[in-house]
Amino acid sequence: MKLIDKTIVAKKMPIRLVRNTILKGLFFLATTFGLLVLGILLYRIFAQGIGYLDWDFFQNFASRRPEEAGIKAALIGSIWLMIVVAPVALLLGLGTAIYLEEYAKKNWFTSFIKLNISNLAGVPSIIFGLLGLTIFVRALALDRSVLAAGLTMSLLVLPVIIVAAQEAIRSVPRELREASYGMGATKWQTIVRVVLPAAIPGILTGSILALSRAVGETAPLVVVGIPMFIAFLPKNVFDTFTVLPMQIYNWTSRPQEEFQSVAAAGILVLLFLLIFMNSIAVFIRNKFQKRY
Amino acid sequence: ACGSDSAKDSNSSASETDKPLQGEIAIDGSSTVYPIMEAIAEEYMAQQPDVKVSVGFSGTGGGFEKFIAGETDLSNASRPVKDEEKTQLEKNKIDFTELELAYDGLSIVVNKENDFVDYLTVDELKKLWVEDGKVKKWSDIRPEWPKEEIKFYSPGTDSGTYDYFNEVILEEEPLVENATLSEDDNVLVQGLKGDKNAIGFFGYAYYAENQDSLKVVPIDNGNGAVEPTHETIKSGEYAPLSRPLFTYVANKSVADKEQVADFVEFMVENAGELSEEVGYISLDDKEYDKDLEAVTQLKK
Amino acid sequence: MVNEEGVTILRVQQAQYSIREMIQERKQKKRIQIERFIPSILSLTAAVSILTTLGIVFTLIFETITFFKEVSVSEFFTADKWYPFAEAASYGVMPLVLGTLKITMIAALVAVPIGLATAIYLSEYASEKTRRVIKPILEILAGVPTIVYGFFALTFVTPVLRSIFPSLEMFNALSPGLVVGIMITPMIASLSEDALVSVPRTMREGALALGSTKLEVTLKVVLPAAISGIVASIVLALSRAIGETMIVSVAGGSTPSLNMDVTTSIQTMTAYIVQVSTGDAGYGTTIYYSIYAVGMTLFLFTLVMNLLAQYISRKVREEY
Amino acid sequence: MDKTVVSQLSKEKVYETSQLNLWYGEKHALKNIELDIHQNEVTAIIGPSGCGKSTYLKTLNRMVELTPDVRTSGEIKYRNRNILDKSYKVEELRTQVGMVFQKPNPFPKSIYENVAYGPKIHGIRNKKVLDEVVEKSLRGAAIWDEVKDRLHDNAYGLSGGQQQRLCIARCLAIEPDVILMDEPTSALDPISTLKVEELVQQLKEHYSIIIVTHNMQQAARISDRTAFFLNGEVIEYNNTNTIFSRPSDQRTEDYISGRFG
Amino acid sequence: MDKTVVSQLSKEKVYETSQLNLWYGEKHALKNIELDIHQNEVTAIIGPSGCGKSTYLKTLNRMVELTPDVRTSGEIKYRNRNILDKSYKVEELRTQVGMVFQKPNPFPKSIYENVAYGPKIHGIRNKKVLDEVVEKSLRGAAIWDEVKDRLHDNAYGLSGGQQQRLCIARCLAIEPDVILMDEPTSALDPISTLKVEELVQQLKEHYSIIIVTHNMQQAARISDRTAFFLNGEVIEYNNTNTIFSRPSDQRTEDYISGRFG
Ligand SMILES: Nc1ncnc2c1ncn2[C@@H]1O[C@H](COP(=O)(O)OP(=O)(O)OP(=O)(O)O)[C@@H](O)[C@H]1O
Ligand SMILES: Nc1ncnc2c1ncn2[C@@H]1O[C@H](COP(=O)(O)OP(=O)(O)OP(=O)(O)O)[C@@H](O)[C@H]1O
Ligand SMILES: [Mg+2]
Ligand SMILES: [Mg+2]
Ligand SMILES: O=P([O-])([O-])[O-]
C-alpha cells in the first residue's frame, strides 16, 4: 500500500528547487546589503577625511583651527576607557555568567537575576548616563574621570557580555564536563580548564560587540558630562579625559566646513580602532575555534 | 592674610614670565560658547602647559547644574543665569561673577532660490513664526509673495538661541507647531539648503560659513533694513537679534586657585580676538576692561 | 600481543613512583579551600546587575516624583501635546512615545528580515571562508558610532529618499528609522547566526537525507530549533532601536507629534533627554525633572517589551 | 529463503558503482570502488574503523558533499543515471534514497511532526493522508505501540532505542526505494537491536537496504551480500555466506577470524 | 587464569552496596540494589535498555548527582566508607574511581593535554613526571604507537576508536583504584573493540573494573562476575560462568537466550 503519491512529489520538486534558489539569492542580497551600506559609508567618510589624516593629526590636541586640530587626547582617552571597560565588564560579565550557568540553583531569585539582565540589556544607554552621573560622578565623587566613565560604560555593556557568555558556556557539551568531573576535578577546575576554553569563541563574539559599543557610544558620556576640550593626557584612571565619539560629535557641530572633514578623519580613526580590535578578537576566535 | 596676598601678586606676575603654574581648571556649559572657550584654553595651555584645562559641552543648563554642584570653576552660558539657578547657587553658597565674552548675531535665513524675500520687519517676523492655528503661506505675510506653504526651521526649544528668539521676537507666544526643530545648527543648515520654501534662524557663524548656499534676510527694526554683518552686529545696529554670550566664574575658585585667576585674566584679555577667530563678534574694548576690573577685585 | 610491551612498561615505571601516591601526598598539604568561596564571590558579581537596576530605579524615581508633584500623572499619560518650553507648557508623553515607536517599527521592518536573512545565509549557505570574512565586517558595522550614522542619515539617506518621494520633509521618521535599522542589522545577524550555528549538524543531516532542500531544512528544522536565541537577538536589537539617541537627534528633527505620519519631523524619548541634557533648561525646573520622568517611561517601556519577549521565547522554544 | 538462492536470482541492480574515487582534501578516502547493489536485498558493508564505510554510504545519497573540500571521480549509477553528475538533483535522489544515522537524530518536534516532516515538505498536506502515513511508518518501524498515546510529545522524551526507531519511521514515511543505514544499532541495547534487525529483514521486501555495521555477526545474520572494505578499497564483495565461510582474500579472512561479539 | 578460580579467591571487596534506591524526580530508577564489587576483577553489568545500568554506574562515583532532582537512599560503601554520605568529598572519590564514557569525550585540547589533565588538576606540575605519565598512560591504553608523533595535535583529529582509547589513557593517568566503563566499545569498530577488551583484561591486574555492556558475549568474554539488571532491580548476580551457563532466574535466562551479537 503506497500512501505517498510519487507523482505529486515529482511535480512539486521543481518549484521547491526554484524556491530554494530564489531565497538563497535573497539571503545573499540581504548579506550584501549590509556590506553595501558599509561600503557607501566608508567611501563617503574616506573621501572626506583622508586629506586630514596625517601624522600631525595623531600628534595634536584639539584646536580651533581645522588644520591644527588633532585627535591625540580623544584617541588616547578612548584607549583609556577601554582599559577600564574591558577588564571590569569582562570580569563581571564572566563571573555572572558562570554563576548563573554553573552555580545558581533553579529558583525565583535566579530567574529574577536572569530577567533583570535581559531587561538591562534593553535599557537605553542614555539612562545609564543618568545612572553614572548620579552614582559614580556624584555619589562616589569620582568626578568626570576615566574611572567614572569607564564604570558607567561597563555597566552599559555588561548585559551583552553576560548573555553572550551564558550562551557560550551553555553550548559546551555536557560530556566534556562529565569527563572532567569523572577525573576528580572540582567544579571550579572544570570551569576554568574545560568549560571556559571551549566557550572562548562565543564569549569573544559577544565581547567584541560590547566593546565596540562602548567605544562608539556618545549619549551616556554627554550626560555624564565628559569634557570636550582636553589638551593633556590622563595619567591615571582618576584623571579627566575625552573620547573619540565626543570629539567627533563636537567637530560635526562646528560651523566651519573644514571641521566636517576633520570629523571625517576622526571617524576614520575610530573605525580603524574598531577594525583593529575586531581583528584581534577574530584572530583569537579562529585560533580557539573547535568543533565538537 | 597679608602674606598670602603678596604671594599671589608675585605669582600672577610670574605667570607671564618664567615660573610655570600647575593645577586643574574645569569648565563646562553652553555649546554655543564652547568654541570661544576652546580657543582660549588652547592658547592658554600653549603658555602654561602644566595647567590642565578641560572644557565641557553640556549646554547652558547642564553647565549650571555642574556649577551648582561645585564641580566646575567656570560655566559658559548663552543666556543670563535664571532665577531658579540663582536660588540653588545661593543655597550652595556659591558666589559667582558674570563675565561677557562676545556677541552672537542671530541670522534669519532662507533658501538660495528664494528671490522674493528682500527684508522682513520685526512684526512680520513675529507674524511668520507665531502659531495661529492656520497653515502659513508666504502670501499671508505680503500678498505679492507666492501662495506656497512655508517650512520653518528652528533651533531646538532648549537652546539659548531659541530662548533668545522666543524672548525678543515671539514675546513668549508659542512657535509655529509644524516648525522643524533641531539641536544642531549644522543640521538646520542642511534643511534650509534643501527646502525651497524654508525659513530658519541660527547663530551668525553658521550663516557666515554657508554664505554661498544660503540667503540671509535683512531685518527692519523701524530704522530701515539691516543685514547682519560683522560691523552691524558689533555696533548694535543689527537689532534686536544680537545677543551677548557669557561665562560665570566661581569667586571662590579665583580666590583660592592661582591657575584659575591667571586663566580668567588671560581669558578677558584675549576673548575679543579669539571669539572673532571662531566666528563670533567681539565686544567693545570697554566691556573687557570692565570684566578685567571685576576679576582683579575678586583676587583681592 | 598488542599490549605486552605496554604492560611491562607499566610495571617498570610503577616501581619508580606512583602517581596515585603523589596525588594522595598533594591531598595532604591541600591548599586552603578557596573553592568554597567561589560561589559567594561569583554571586556578588551577579548581584552587580541587580544593583545596577536598583541604581537606575533609584536615580530615576526621586526626580520623577518631584516631576509628578508639578505635573499630574494623568496629564502626562493623556495629554496629546509635548510642549514643555512654551509659556503654557503641556506634558503629554504620548507624542514622544509615538516617535520612539515609529523609529522602532521602521527599524524592525528593515533589520529583522535583513538580519535574519544574513544570519541564514552565513550559517546555512555561505562557505566557512566567506563566513569568517563577512562576520567581522558586519560587526564593524555594529560598532560605527551612532553620530556617524546620524549624519549618514541626514546627508545621504534623506536626500536619496527625497529624490524618490519629494513630499518627504528634511527631517522625518523614515530616514533615521531606516538607518537605525541598518545599525541594528549586524546585531541580529551576528547573534542569530550564533544561534543557528549551534543547532547540531546531525539535525540538518537528518532533514537533508529526507530530500529537503536547504531552504526547507533551514526554515522547518534549524530556525525552529534556534528560535529562542533568535527572539533574544531581535529583542536586544529592538531595545537598542528604542534607546537609540544620536541618529534620531540628528536626522529626525525635534518636533513631538501625535500622528502616524513618517514623512514629517518627530522627536523620540531619548532625543528629548539629550536635547534637555545638552541644552539650556535650568537645573531644578520642571523641564529638568521631566527628563527623569521620560527616562522612567523609557525604562518601563523596555521592561514591558522584554517581559513580553521572554514570554514569547518561552512559548516557542523547542527542547533538544 | 536460502541466501545463496536469493542472490543467484540476480536481481535488478539499483546502484552500479564504477571507478569511484573520493578525496577529503588530500586524503584519498575511497579508491577505485566497484560495487553493485541489488534490489530487495540487504547489502552489508564491513571493515575496520576509518576504512571508508561511512564515506561510501554517504556518497550514495551525496550527503558526503556536505563536507567541505570533497572531490570525487568515477561513476555511481542509480537506476541507470549517474548521480555524481552535477545535473542530478540531490533532493530528488534523497527522496528515493532514505538514510538512518548512527546516532539517533530526531528533530526537536513532536513525534508526529517528526514522521510527517518528509511527506509535508514533499507537498502532502492532507491531514488524513498524513495521519495514515504517520501510523503506517511508526508501525513499520515497530514503535507504534510505544508511542501511539503520546504522538504529540517531544521526540526528545524517548529513549535512545526509541529515537532510533523513530528515525527509521521518519525515513519510511517518504516511502523511499533504497534505505542507507550507518551503524544503526551501535547506540542501541540488544533488545532494541533485535527489533531493528528484524525490521531490516522485513523491510527488504519493499526496499533495498545497505547497512554499514561493525558487528560481523549482524552482517552475517541479516545481509544477503557483504562487502569488505579496507583502507578505502573494496577487498572482497560476495554473497554473505561465501564471505563468511570461504573468503577468497587473506585479509578478509584475517579480519573475520579476529571476530567476536 | 580460570575465571571460576579467580572469583573463588573471594577477593577483598571494593564496593558494598546495600539497599540502594534512586529516584529521578518521580521515576524510581534503582530499587533496593544489593551488590558487592571485588578487587582486581572485572564486573559486568548487563540488562536491557533503561534498566538502570548507567544510573548504577554513575552512582558509584556520584556522577549521578549532576542530574537535577536526584534522590538516593541506602548505602554504598567504597573501601568501607559510605560514599553517599554528604561529607564524602566527591573529588576524592572520583580521583580513586575513574570513568570511561560511552561516547568518546576528549577535551578540545591536544592529545598530550588530554592525558595530562588529570595529574595537572591534582597538582602535579613537574614537566618530566607529566611526560612520563602521558607516555605510560598512552601505552597502557594501547594507543601510544599511533599518536606518539602527534602528541600536540588536537584530539579531535583522532578516529572514534582512537578517541576512546585516549579517554581510557586519560583515566589511567591518575592511576585510579577502580575504573567504571559505560559501554566503552559501543561506538567502536571490532578491531578497536578487541583492543579495548584486551586492555580491560590487562588492567584488572592493577585496577578493579566495572563495565556496563549491552553485548552479552563481551560480558562473557571479559568479566569475572556479571550482574543482570531489569527494571531497576538486580535480578541475578554471580560468577560470569554461572550466569551464562546456569542462570538461576528465568528472566535472566530469557534475556540471555534472546541474545545475539
Ligand atoms: N571530513 C573529513 N575530512 C578529512 N578526512 C575525513 C573526513 N571524514 C572522514 N575522513 C577520513 O576518511 C577515512 C574514511 O572515513 P569514514 O568515516 O568513511 O570511515 P568508517 O569506515 O565509517 O569508520 P568508522 O567505523 O569509524 O565510522 C578515515 O580515514 C577518516 O579519517
Ligand atoms: N535524567 C533523567 N531524568 C529522568 N529519568 C531518567 C534520567 N536518566 C535516566 N532516566 C531513566 O532512568 C532509567 C534508567 O536509565 P539508565 O540510563 O540508567 O538506563 P541504562 O540501563 O543505562 O540504559 P541504556 O542501555 O539505554 O543506556 C530509564 O528508564 C531512564 O528513562
Ligand atoms: Mg563510519
Ligand atoms: Mg546507559
Ligand atoms: O548650548 P546652548 O545652551 O548655548 O544652546
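Residue numbers (my numbering), protein chains in the order written: chain A, 95 to 386; chain B, 49 to 348; chain C, 2 to 321; chain D, 14 to 274; chain E, 14 to 274. C-beta: ideal position from N, C-alpha, C; glycine also.
In this structure, the alpha-carbon of Tyr210(B) lies about 21 Å from that of Gly104(B). For Ala42(E), the shortest separation between its Cβ and any heavy atom of ligand 2 lies below 7 Å.
Considering only Ile170(A), Leu175(A), Tyr146(A) and Ala168(A), the residue with the shortest C-alpha distance to Glu162(A) is Tyr146(A). With a cut-off of 7 Å, the C-beta of Gly38(D) is classified as near ligand 1, since at least one heavy atom of the ligand falls inside that distance. When 8 Å is used as the limit between beta carbons, Ile187(E) is near these residues of chain A: Met277 and Gly278, in chain order. The three-state secondary structure of Pro203(B), taken from DSSP, is strand. DSSP, reduced to helix, strand and coil, places Phe335(A) outside both helices and strands of the structure shown, so it counts as coil. Going by C-alpha positions, Gly296(A) is about 21 Å away from Pro225(C). Within its own chain, the residues whose Cβ lies closer than 6 Å to the Cβ of Val113(D), once the five positions on either side in sequence are excluded, are Cys180, Ile181, Cys184, Met194 and Pro197, listed in chain order. By alpha-carbon distance to Thr239(E), the top candidate from His227(E), Val83(E), Leu70(E) and Asn252(E) is Asn252(E). Neighbours of Val146(E) in chain C, taken as residues whose beta carbon is under 8 Å from its own, are Ile20 in chain order.
For Ala87(B), the uninterrupted alpha helix (DSSP H) segment begins and ends at Tyr82 to Gln95. Within the model, the alpha-carbon separation for Leu70(D) versus Pro189(E) is close to 41 Å. Leu43(C) is positioned such that its CB atom lies closer than 8 Å to that of Gly189(A).
For His227(D), the Cβ falls inside the 7 Å cut-off from some heavy atom of ligand 1. DSSP places Gly77(B) within a strand segment (E or B) once states are collapsed to three. Every alpha helix (DSSP H) of 4 residues or more that sits fully in the segment 141–195 of chain E is shown, in chain order, as 157–160 and 173–185. When secondary structure is reduced to three states using DSSP, Asn380(A) falls in the helix class. Judged by beta-carbon spacing, Glu129(C) lies within the 8 Å limit of Pro81(D), meaning their Cβ atoms are closer than that value. Scanning Asn228(D), Glu105(D), Ile204(D) and Ile89(D) for the CA closest to the CA of Lys105(A) turns up Glu105(D). Between Ala325(A) and Ala168(A), the CB-CB gap reaches or exceeds 8 Å. For Ser168(C), the Cβ stays outside the 7 Å cut-off from all heavy atoms of ligand 1. Residues Gly173, Gly174, Gln177 and Val209 of the same chain have their beta carbon placed closer than 7 Å to that of Leu201(D), with the five preceding and five following residues left out of the count. For ligand 1, a non-hydrogen atom lies closer than 7 Å to the CB of Ser62(D). Close CB contacts of Arg163(E) within its chain, under the 8 Å cut and outside five residues either way in sequence, are with Ile124 and Gly170 (chain order). By the beta-carbon neighbour count (other beta carbons within 10 angstroms, threshold 16), His227(D) is buried. For Gly111(D), the pairing in a beta bridge is given by DSSP as Ile192(D). Taking a beta-carbon distance threshold of 8 Å, Ile24(C) counts as an interface residue toward chain E. C-alpha of Thr56(D) to C-alpha of Ser258(D): approximately 17 Å in a straight line.
Chain A places a beta carbon closer than 8 Å to that of His135(E), counting this residue as a contact. A Cβ-Cβ distance of about 16 Å is found for the pair Ser219(A) and Val257(A), leaving them out of contact under the 8 Å criterion.
Among the residues of the segment 255–266 of chain E, none has a Cβ less than 7 Å away from any Cβ of chain D. Neighbours of Pro160(C) in chain B, taken as residues at a C-beta separation under 8 Å, are given in chain order as Gly242. Per DSSP, the continuous alpha helix (DSSP H) segment holding Leu120(A) begins and ends at Lys100 to Gly143. For Ala80(C), same chain residues with a beta-carbon under 6 Å away, outside a window of 5 residues either side, are Ser91 and Gly93 in chain order. With a threshold of 16 other beta carbon atoms within 10 Å, Arg84(E) falls short and is exposed.
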